[in-house]
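Structure first, commentary second.
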Amino acid sequence: MLVWSSLTRRVLFAAALSVFAAPAAFADEPKGEPILLGVSGPLTGPNAQYGAQWKKGFDLALDEVNGKGGVKGRPLQYQFEDSQADPRQTVAIAQKFVSDPKIVVELGDFSSTASMAASAIYQRAGLVQFGFTNSHPNFTKGGDYIWSSSVSQADETPRLAKYASELGFKKLAVLYLNTDWGRTSQTLFTSAAKSLGADVVAVEGYQPDEKDFRSTLVRVRDANPDVVVLISYYADGALIARQIRSVGLKTPILANGSIYSPKFIELAGDAANGVFSETNFFPGEPRPEVQNFVTKFRARYNEDPDTFNAVAYDTIVLMSQVFDKFGTDRAAIRDGLAKITDVPSVIFGKATFDPQTRRVAGARAVYLVVKDGKFTPWDGAKPTTN
Amino acid sequence: MNSFIDYTINGLVVGNIYALLAVGLALIFGVANLINFAHGSVYTIGAYVGCAAITFLRTPLPLTILVVAVPCGALGALIERVALRPLQGRARIAPLLATIGLSFVLDQLVQLVASPNPRALPADLPDWRLNVGGGSIGPMDLLIAGVGLASAGLLYGFLRFTKLGYAVRATAQDRDAARQMGVNVDAVNSAVFAIASALGGVSGLLVGMYYNHIDPTMSFQATLKGVVAVVIGGVGNVPGAIVGSLLLGLTESYGVALFGTTYRNLFAFALLILFLVLLPNGLFGGRKAVEAEPLTGTFIAPSRALRAPAWLIAAAALAAFALPFGWPSPYLLQTLTNAWLAGLLALSLTLVAGTAGQMSFGHAGLLAIGGYASALLATDWGVSPLVSVPVAGALTSVIGTALVFPAFRLRGHYIAIATLAIGEIVGLVILNWESLTHGAMGVSGIPPLSAFGFEATSARAVYWLTLAALVAFALLQARLSSSHIGRTLRALRDDEVAARAHGVEVARYKALAFGFAGFGAGISGAISAHLYTYLNNQTFDSQLSLLAVTMATLGGMGNILGAILGALALVGLPEAFRFAAEYRILIYGLVLLALVRFRPQGLLGTA
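Going line by line, the protein sequences match chains A and B. Under this note's numbering, the letters of the first sequence match residues 1 to 386, in that order. Under this note's numbering, the letters of the second sequence match residues 1001 to 1607, in that order.
Spelled out as structure tokens, the structure:
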């Protein structure tokens, strides 16, 4: 009983610590002064789910890095400030981080609205703002301290268009999430698809809080497409997949990579079957980075990781390598990001930044199709029409 | 033609779903004369309770409905007893704010318990579909329609033929008279909240099953659509709520058919405004409904304002100006800068809502107009911020006043709903008017504030600038309030009929108040735009409008110092509770509830 209570106390203590900052206290924790990363992201508000997904990816990577002795004997830690993805709060957080000499780099925020409002502060203060979910084409134009490892839509959407063409689709209807991300993707996709000889017969943007798509889908149906292309996140993508048959639309669905999540299957149910998709990250991929990540993630959280977990994990791995090779001076980190090459990455395989655009090119891609409630690699079979 | 049938069916299907929530809202509105913003939270809780019952207990559907209805009904009665009954007889803004605070608390509790991830809520229903037109409807559609109609029918019968129903109607008509006739008004209220909330919980369950999707943030949009449907149907009218919901669903569906999906909510809110202007009693409200709104200014708590001595105010202002010399952290300066910008917003709101009595729930729309005006002038037309910021203020003043103009003849809750809708419309127009506003891409690369070659980029410079703007506006507004204009505005707030009888051109004075208020809010939005360097349609969202209302109420409606204090508190509180990360919205909601309960006239009292 005594043992039990002391254990409980330790667990409670660890839990209490993790509320305030990074998870601490593991057996072979390196003893040096911690290297602190500032994270600005949503833990409450409408995007809270994504902040929660980040944390899982971060924590897993920290375990791994710190378990190997940290960076030159110093453990990595992060300080997560809840921004609710609200620009008024991200600017305050930015001032907090830039004036705290312990923070060596900033990660996030989630949405462009929130991240780009704070960019000017990071740029002027000379603290790297590293946005790993920021696909807005102007995000890294904020200055030479603004970097992103978000998969470039200029890379990803032509690949989706190529997949559509390989599947033999000629008349495409595009449904997109009407945010800066969805709008960028839709424009790039449409032009890529046209250059591959396909017709885009309908384009419909929808609001992030939309739940009902029946009337939208009637519009799509009347345009007579042979495929419905989704530029969606998993939650809205699942809603559309479930409603598509209810308006008598029998065409297959081809969805972009960001629907890739175990949650998509859960939310879409049977309607997920037959959905074509592609992903930068697929747990079944045999690459060692992927297998290492997936095995550890399943062991720790007892669930399959999704893309948001993977990008957060990748970011910590990348930063630990930058710190290791180039030190933890703020300017050195910026210079290091430009110089570092071939960082092992779940998303990119090997990540190298283009110092001009401050982005990474060449995300990995696996073509997928959902079969019997599971994402499986595409076997090359074209869909049987209707 | 075939598709026309489909759009009609789809409109009815969606209307069906809105109706489930609207019926409960209408019932509460009818009896307690209150838009219950917490109703959506009960709906969320119902969905989660149902999800837990199905996952852990594997309950069949009829039992699940019961398992959801009972605790949600109890929760409704609890809300009424603990949060709303103590506010009886207080200004009507108090219970309204209490329900907003409650919705924060309840939504956040759901998120803490169930995680923010969306969940699937599978329905165990047979897998057949009925072909209608080109599409089909399933058993869930019929079940929802059945529950909606049955509950409306039962409620109608209950209200018309039972003794308690008789008491409910009496209370709805005249609470005081009912009490004098021996009706236990509290018990009636309690029963109404329990019934409506049980229904709300069940609707959350059914809608969650329908979409196979529940998440902790589903409440706000649901409440919003429910309120629209209720107003269209005629407030407090249960069958009206159903017809209103169906009409709303149809309008949205035809809107999508004609113009595309991104215009959907624009149609919903335009329909609302149309009804408020042309038929404020709704389809079934009759003539009585508007009369039930008080003729005197009891929407806002009357009280004696606390007066701070002039030397104290001057000293505080000086201290604020001197603060940057003490080398505080840039974080503190930035937080205070945010507070000063919020203060401009609160000043603007406290003038129209407090001094002129025109509650506005869409004030963030003014920030958006100002922000976009200045940002677009500075980026697309190359205008210097020195010019673009004041021009943005003037534009906001004109556009904002023009937008609210049709709502001038509304009172109390109605103007609150109308302005809420106008705020949403501004955001939707910004999203859809791509050629001007760049749509969802937003405006990036907005230059920092600058004048004569000097760029205000440091935390100190921006701090001084925003503080100076705030102080200037506060002084102007103080002058305005103490002039004959301020006196006239307060007169029409306290009794519009009497003011008109004394020859006051009511619309002209309201326009004056909105014009001045729009200028201040526009300047705040414009400065924010240059501060953030990036704007999109989500930068100034409806949550910010609610925050503005809270700030003005907290400080004391119409109270200039109060507004600034309220802004300082509400920007500062979440920052102060930053260490509590996931819990801070919860704390914020609880603080709001406590304030409304114990000091509804605000910290400094209404002026």
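In this text, a Cβ means the ideal position worked out from N, Cα and C, and glycines have one as well.
- Leaving aside the five residues that flank residue 1596(B) on each side, the residues in its chain whose CB is nearer than 6 angstroms to its CB run, in chain order, 1094, 1097, 1098.
- Taking CB atoms only, residue 258(A) has no neighbour in chain B less than 8 angstroms away.
- Counting the other CB atoms within 10 Å of its CB gives residue 1329(B) a total below 16, which places it among the exposed residues.
- Our two residues, residue 1520(B) and residue 260(A), have alpha carbons roughly 46 angstroms apart in a direct line.
- With respect to chain B, the C-beta atom of residue 280(A) has no partner C-beta closer than 8 angstroms.
- Taking the Cα of residue 273(A) as reference, the smallest distance to any Cα among 48(A), 197(A), 244(A) is reached at 244(A).
- Within the stretch 45-66 of chain A, 45, 46, 47, 48, 49, 50, 51, 52, 53 place their CB atoms closer than 9 angstroms to a CB of chain B, listed in sequence order.
- Shown here, residue 1575(B) sits in a helix according to DSSP, grouped into three states.
- With a 10 Å radius around the Cβ and a threshold of 16 neighbouring Cβ atoms, residue 1493(B) comes out buried.
- The beta carbon of residue 1309(B) sits no closer than 8 angstroms to any beta carbon of chain A.
- By the neighbour-count criterion, in which a residue is buried when 16 or more other Cβ atoms sit within 10 angstroms of its Cβ, residue 1530(B) is buried.
- Not flagged as an interface residue toward chain B: residue 122(A), since no C-beta distance is shorter than 8 angstroms.
- Remark: C-beta atoms of residue 1442(B) and residue 1583(B) do not approach each other more closely than 8 angstroms.
- A direct Cα-Cα distance of roughly 26 angstroms separates residue 1262(B) from residue 42(A).
- As the crow flies, the alpha-carbon of residue 242(A) is around 17 angstroms from that of residue 174(A).
- Secondary structure at residue 376(A): strand, using DSSP grouped into helix, strand and coil.
- Its chain contains 113, 114, 117 as the residues whose beta carbon lies nearer than 6 angstroms to that of residue 87(A), once the 5 sequence neighbours on both sides are disregarded; these appear in chain order.
- In the structure shown, the three-state DSSP call for residue 104(A) is strand.
- Going by DSSP, residue 1043(B) is part of the alpha helix (DSSP H) stretching over 1039-1052.
- By the Cβ-count criterion, residue 1438(B) is buried, with 16 or more other Cβ atoms from all chains shown falling within 10 Å of its own Cβ.
- Listed along chain B is no residue with a C-beta nearer than 8 angstroms to that of residue 171(A); the closest approach is about 18 angstroms.
- Rounded to whole angstroms, the gap between the alpha carbons of residue 1386(B) and residue 1466(B) is 14 angstroms.
- Residues of chain A with a Cβ closer than 8 angstroms to the Cβ of residue 1589(B) do not exist, since the nearest Cβ in that chain sits about 11 angstroms away.
- Residues 70, 72, 73, 74, 75 of the same chain have their beta carbon placed closer than 8 angstroms to that of residue 32(A), with the five preceding and five following residues left out of the count.
- Taking CB atoms only, residue 313(A) has no neighbour in chain B less than 8 angstroms away.
- Between residue 1552(B) and residue 1566(B), the CB-CB gap stays under 8 angstroms.
- For residue 252(A), the closest Cβ of chain B is not nearer than 8 angstroms.
- Annotation: residue 1354(B) to residue 142(A) spans about 41 angstroms, alpha carbon to alpha carbon.
- Residue pairing by DSSP places residue 1449(B) opposite 1456(B) in a beta bridge.
- Beyond the five residues adjoining it in sequence on each side, residue 57(A) comes within less than 6 angstroms, by CB distance, of 309, 312, 313 in the same chain, given in chain order.
- Unbroken beta strand (DSSP E) runs of no fewer than 3 residues, entirely contained in the stretch 1095-1179 of chain B, are found at 1130-1132, 1135-1137, following chain order.
- Beyond the five residues adjoining it in sequence on each side, residue 1128(B) comes within less than 8 angstroms, by CB distance, of 1138, 1139 in the same chain, given in chain order.
- Residues of chain B whose Cβ lies closer than 7 angstroms to the Cβ of residue 179(A) are, in chain order, 1440.
- Taking C-beta atoms under 8 angstroms as the contact rule, residue 237(A) and residue 255(A) qualify, at a distance of about 5 angstroms.
- The Cβ of residue 102(A) sits no closer than 8 angstroms to any Cβ of chain B.
- Secondary structure at residue 1334(B): helix, using DSSP grouped into helix, strand and coil.
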